[in-house]
Amino acid sequence: MSRDHVQLEAKKFVVVLVGSLLGAIAMNFFLIPANVYASGFTGLAQLLSSLLKEFAPFNISTGILLFILNIPVTILGWHKVGRSFTVYSFISVFLTSFFLEVIPVIKLSPDILLNAVFGGVIAAVGVGITLKWGASTGGMDIIAMILSRMKDKPVGSYFFLMNAVIITSAGFLYGWEKALYTLVTLYASTRVIDTIHTRHEKLTAMIVTKKSNELREAIHSKLVRGITTLPAKGAFSGEDKEMLIIVISRYELYELEHTIKDVDPNAFTNIVQTTGIFGFFRKD
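Terminal number for the sequence shown in this note's numbering: 788, no gaps in between.
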């Protein structure tokens, strides 16, 4: 393993660590004290913890429940999604659960709107930087990817279904005002994640490079994706180049970015949202 690779993995771990810390801060300082829910498995763990506190003779914290919920998901993801992605996702879950346990729950503000907005934004920064470095916060990300491949439906529909359950349950348990503030949190989170990374399911990369052959080989060694090449010419320099066009999932963006930087740091790359695909697109 090269020194550069070790440094890259170390940076990735630090980013996942910071992302997990931000997620725990958002929960324990803003969302949990206000009974406003996060999205995905974190919100589900928060909801289950509230239900146990209200209706069971015992209580399990959000951090412990988040960790328990992700154990079977991690095993499934290991076989179905990819080992590197799953390992870092589980590290993210473990660290988030750890920070949720060691950071005290403190109510910084009595204003529920401030809690909803700041909780959503801080949590989203953590999720966004984690996604940007090729991992996820586990749970719903992994399940949505697997279900999307099996049923051939958009990942977003499964996120929507999970969050709809959380919002509806919050409404029945704590009143519909809490449910509406949960919607505010989810909206703020989505906007921030879109800014830092992307929540779009599929993306199209258009890469203009003078090292077309080397870049094609490097991309194919990391991603099993088809590439279309077109001749290109710099209008100012007059240099002959090629444009590589490739459609990827959002989880492959990290690998693609670093592959391009390694092979041709001077390549011009344009990433755009892909709203639909006709024809073959590999799902595994």
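Every residue, glycine too, gets a C-beta built ideally from N, C-alpha and C.
| Check | Outcome |
| --- | --- |
| Is the beta carbon of N770 closer than 8 Å to that of Y678? | no |
| Between the region 623 to 637 and the region 554 to 562, do three or more beta carbon pairs fall short of 8 Å? | no |
| Going by C-alpha to C-alpha distance, which of G675, V696, A528 and V712 sits closest to A739? | V712 |
| Could you compute how far the alpha carbon of E558 sits from the alpha carbon of T686? | 19 Å |
| Please state if the CB of D766 and the CB of A722 are separated by a distance shorter than 8 Å. | yes |
| Terminal residues of the continuous alpha helix (DSSP H) containing K611? | No alpha helix (DSSP H) contains K611, which DSSP labels as neither H nor E. |
| Tell me the rounded alpha-carbon separation between I670 and M644. | 13 Å |
| If the criterion is Cβ atoms closer than 8 Å, does the pair E718 and T733 meet it? | no |
| Under a Cβ-count criterion, where at least 16 other Cβ atoms within 10 Å of its own Cβ denotes burial, should I529 be classed as buried or exposed? | buried |
| Specify, as a first and last residue, the run of the alpha helix (DSSP H) that N717 falls within. | S716 to K726 |
| Considering only C-alpha positions, which residue in the set S543, G638 and F562 is nearest to S588? | G638 |
| Considering only the alpha carbon of each residue, which of L570, G581, W582 and S613 lies closest to F602? | L570 |
| Reducing DSSP to helix, strand and coil, say where P561 ends up. | coil |
| With a CB to CB cut of under 6 Å and the five nearest residues on each side skipped, what residues in its chain are close to L748? | I711, I731 and T733 |
| Taking only runs of the alpha helix (DSSP H) that begin and end inside the region 564 to 646, which ones reach a length of at least 4 residues, in chain order? | 566 to 584, 587 to 606 and 616 to 636 |
| Using three-state DSSP, classify T778 as helix, strand or coil. | coil |
| Quick one: what's got a C-beta closer than 6 Å to N789's C-beta in the same chain, skipping five residues either side? | Residue 789 is absent from the model: the chain starts at 505 and stops at 788. |
| What whole-angstrom Cβ distance do V520 and L599 have, given they're in contact under 8 Å? | 7 Å |
| Considering L687, what are the terminal residues of the alpha helix (DSSP H) in which it resides? | W680 to I700 |
| Closest by CA to Y541, which one among F517, S593, I564 and S693? | S693 |
| Would you mind sorting Q550 into buried or exposed? The rule is 16 or more other CB atoms within 10 Å of its CB. | buried |
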